[in-house]
Ligand code: SIN
Ligand code: CO
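Residue numbers (our numbering): 436 to 812.
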């Protein structure tokens, strides 16, 4: 992607300028980000998806006459679990639709000017008239693309982050909106993390949220250390602690400080390995979500198809030394690395390019094909 070309999707900003001016900093409203946009799934297809136990879905129902005024439920939902369409004030949110629907996945790919390691999923919400999830903040950036109908968004920087008590959702107690927009199909609103927002449907509406992931330090450290731990012996060797200088001790239960230094040195060794940390990070970042499974295939990479394409569920990334795919890592260099990086970026490779890969790389592509991670097209 040429990140210096202006995009209608970003209101005429180039991805480069958008990232500089808005990303993680300030909202952007784009009228007709996708002109003439039509929903990629109709209401019944979305409801059907919410019945699938491999799909994460939630429902929020406003009950103004009752305390606490909101009801919250986790899916899966049978069709009869939904309130009547005419009943105002309810909403269904379906997470990770990109994993189940190629056109939705392609739409999310328009946002790949942000690294894949930061892109999370595309959520679709359906709301009856007046529906919404209440004023709140999210921890992550989001693009809110209006897909069908109209929604009124009120947004604000919100200093007071206190929440309404005894409500099954995180709803701001004292929301102070600063700006208000009505979005029509094809309009889009970008919000940075922790920017308060409240979207209320004006008539039936559908909103697509392109969401991001941001690893937190503790979680990242745990995931990376777990992977490093698996390779610990190979990384730092198995030499024994030696203590020819150990004096006799009067307090025998005290751990010798040199042993702490020995442990420290072993850990430094693991972290300083030029490969290990990057490998662990890449494996973690490309780990498929828990609900994801692949259908094994029996296609041949060198067969009759014209190109190979990554399955929409496949996560593929690279760093300076490795190629990562669905939680696995491979050392790659030279032409194979170039081709594999191209596959990761474009999510496809022509058969001509496949033919330029080494026999070893082609064999790898074949195993990925058989695992259902990529397909011939
Ligand atoms: C929605 O689509 O109803 C909620 C999206 C959000 O506020 O993040
Ligand atoms: Co939100």
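Where is the CB? At the ideal position from N, CA and C, for every residue including glycine. The structure presented is a predicted model; accordingly, all values stated were derived computationally and were not measured.
Under the three-state DSSP convention, the category residue i falls into
i, result
"residue 797", "helix"
"residue 561", "strand"
"residue 436", "coil"
"residue 636", "strand"
"residue 698", "helix"
"residue 791", "helix"
"residue 521", "coil"
"residue 443", "helix"
"residue 555", "strand"
Nearest-angstrom Cα separation, counted from residue j out to residue i
i, j, result
"residue 789", "residue 771", "9 Å"
"residue 637", "residue 791", "55 Å"
"residue 599", "residue 476", "34 Å"
"residue 583", "residue 621", "8 Å"
"residue 663", "residue 677", "24 Å"
"residue 472", "residue 614", "24 Å"
"residue 456", "residue 644", "21 Å"
"residue 607", "residue 572", "8 Å"
"residue 780", "residue 761", "15 Å"
"residue 450", "residue 444", "9 Å"
"residue 782", "residue 516", "38 Å"
"residue 652", "residue 659", "10 Å"
"residue 632", "residue 661", "37 Å"
"residue 601", "residue 640", "28 Å"
"residue 527", "residue 514", "12 Å"
Residue i Cβ short of 7 Å to ligand 4 heavy atom set
i, result
"residue 674", "Among the ligands modelled here, namely ligand 1 and ligand 2, ligand 4 does not occur."
Buried or exposed (CB count within 10 angstroms, at least 16 for buried), residue i
i, result
"residue 841", "The question about residue 841 has no answer here: the residues shown for the chain are numbered 436 through 812."
"residue 495", "buried"
"residue 576", "buried"
"residue 543", "buried"
"residue 462", "buried"
"residue 570", "buried"
"residue 685", "exposed"
"residue 507", "exposed"
"residue 784", "buried"
"residue 738", "exposed"
heavy atom of ligand 2 below 7 Å from residue i C-beta
i, result
"residue 583", "no"
"residue 573", "yes"
"residue 699", "no"
Candidates the options: closest to residue i by CA position
i, options, result
"residue 491", "727, 583, 738", "727"
"residue 768", "760, 755, 780", "755"
"residue 801", "745, 777, 752, 654", "745"
"residue 578", "671, 555, 730, 666", "555"
"residue 565", "589, 525, 534, 547", "525"
"residue 730", "541, 501, 535, 540", "535"
Proximity test, residue i beta-carbon vs ligand 1 heavy atom, cut-off 7 Å
i, result
"residue 577", "yes"
"residue 674", "no"
"residue 568", "yes"
"residue 632", "yes"
"residue 644", "yes"
"residue 562", "yes"
"residue 596", "no"
"residue 528", "yes"
Cβ of residue i within 8 Å of any chain C Cβ
i, result
"residue 716", "The structure shown contains no chain C, having only a single protein chain."
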